[in-house]
Every structure is written in C-alpha cells, then in structure tokens.
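Note that full-length UniProt numbering gives residue 79 to position 79 of the sequence shown, counting from 1, and the numbers run on in steps of one.
All residues carry an ideal CB built from backbone N, CA and C; glycine is no exception.
Since the model is a prediction, treat every value here as computed from it, not as a measurement.
Below is one structure; the comments refer to it alone.
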Amino acid sequence: MRKDKKKRRLLFRSIILVVLFSLVGYALYQNFNSDKGPKLKDTAPNFELENLKGEKVQLKDLRGKVVLVNFWGTWCKPCEKEMPAIQTAYEKYGDQGFEVIAINIQQSNFQVKKYIQQRDLTFPVLLDQDGSIKDEYDVYKIPSSFFIDREGKISKIYEGEMEERELNTWIEEIL
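The structure is reproduced here in structure tokens:
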C-alpha cells in the first residue's frame, strides 16, 4: 500500500515538472519568435536619418525605386566582405532605379567616414547613432538587408553576408 502512494506521488510530481518545463519552453519560444519588426510584403517602416554630410534622408522619398537597406558596422568582417558586392550592384543597377541605403549602427561620423573613404564606397550611408531604426527593423544580427520594391513593400529579408551573385539575382527579381 505504501509503495503505491510513493509511485503516485512520484508520477504526480513528474507530471507537474513536465508541464512546468513545457510552459517555460513555450514562453521562451514565443519571446524569440515574436512579431517584432517588419515582415515580408509589409510596407517598410519609414525613417529619417542623417547621412555623412549631416543631411536628413527619409526612406519614403525613395518610393518608386528598388531599395536595398543594409544594416552594418565598421567592425563587422562579413559586412566588410559584402561591401564590394553592394558597391558593384549600386553602380550596375543605379540607372535602372536601384538605390542603396547603408545604415551604420551606433558608430561615430568620423569612424564611418574614414571607413567609407578607405574603401571608395559611393552609395549613401546613414547613421543610426541611437540604434532606434535598428530596433524598429528588429535587427539583431549584422549584416542584415531588406530589399524594398518600388511600392515600398519588403520583398526580401536577408541576414548575413551576401555574395555578389545572389545579390544581383535578388535585385534583378525586384527590378
């Protein structure tokens, strides 16, 4: 009789532990897979940031063009590796209505200017010095790229270093 009680108690405690672990796991899953940030086919959130000359630039002003919004940092090696491909695409597709907005995350104007000059990059670079646009776009890994069609809708989101071939393919699909 006593062994029966112990077995039931053990079974009951095991069930409670399984339920608790399941609830914790579900809560963590929901937290990491929340609906933060823009999704595919959403209208890209507008933003206004300063470029390296201190001029204000708004995303909405580029409506009618295909836009690559690329979040990056000077310390990021994958960012550095993809910059030549972005520069080549900017030169190749610019006359077809393609624009690049490279958003540097939380670095000084001086650091970014030096980096851009050393690499002869000519596409527009904006400064997100407080990280608010990074947060609005829910960027947690860089480089992160958002491809925006002529109507202002997000057509592709890519995290990580882009290769020139795939970058060209994605641009051509949207153009």
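Note down, in chain order, each residue of its chain lying with its Cβ closer than 7 Å to the Cβ of residue i, except the 5 sequence neighbours on either side.
i      : result
PRO78  : PRO143, GLY160 and GLU161
GLN107 : GLY73 and THR74
ASP149 : VAL66, SER155 and ILE174
Report the option in the options whose CA atom is closest to the CA atom of residue i.
i      : options                       : result
LYS92  : GLU172, LEU10 and LEU11       : GLU172
ARG165 : PRO124, ALA85 and ILE133      : ALA85
GLU80  : VAL112, VAL57 and GLN58       : VAL112
THR43  : LEU52, VAL67, PHE71 and GLU55 : VAL67
LEU62  : GLY54, ALA89 and PHE98        : PHE98
So, at 8 Å on beta carbons, what are the nonlocal neighbours of residue i in its own chain, with the 5 sequence-adjacent residues on each side left out?
i      : result
LEU40  : ILE154, SER155, LYS156 and ILE157
PRO124 : ASN51, VAL57, GLU99, VAL100, ILE101 and ALA102
Give a single yes or no on whether residue i has its beta carbon closer than 7 Å to a heavy atom of the ligand FAD.
i      : result
ASN168 : Summarising the ligand content, the structure contains no ligands, and the ligand FAD is consequently not present.
Are there 16 or more other CB atoms within 10 angstroms of the CB of residue i, so buried, or fewer, so exposed?
i      : result
GLU82  : buried
ILE15  : exposed
LYS134 : buried
Is it true that the CB of residue j sits closer than 8 Å to the CB of residue i?
i      : j      : result
ILE116 : PHE71  : no
LEU49  : LEU127 : yes
PRO38  : TYR137 : yes
Can you name, in chain order, every residue of its own chain whose Cβ lies under 6 Å from the Cβ of residue i, other than the five neighbours on each side?
i     : result
VAL69 : ILE101 and PHE146
4-residue-minimum alpha helix (DSSP H) runs that sit fully inside the UniProt domain "Thioredoxin" (38-175), ordered along the chain
Entirely contained in the UniProt domain "Thioredoxin" (38-175), the alpha helix (DSSP H) runs reaching 4 residues are, in chain order, 77-93, 109-118, 132-136 and 164-174.
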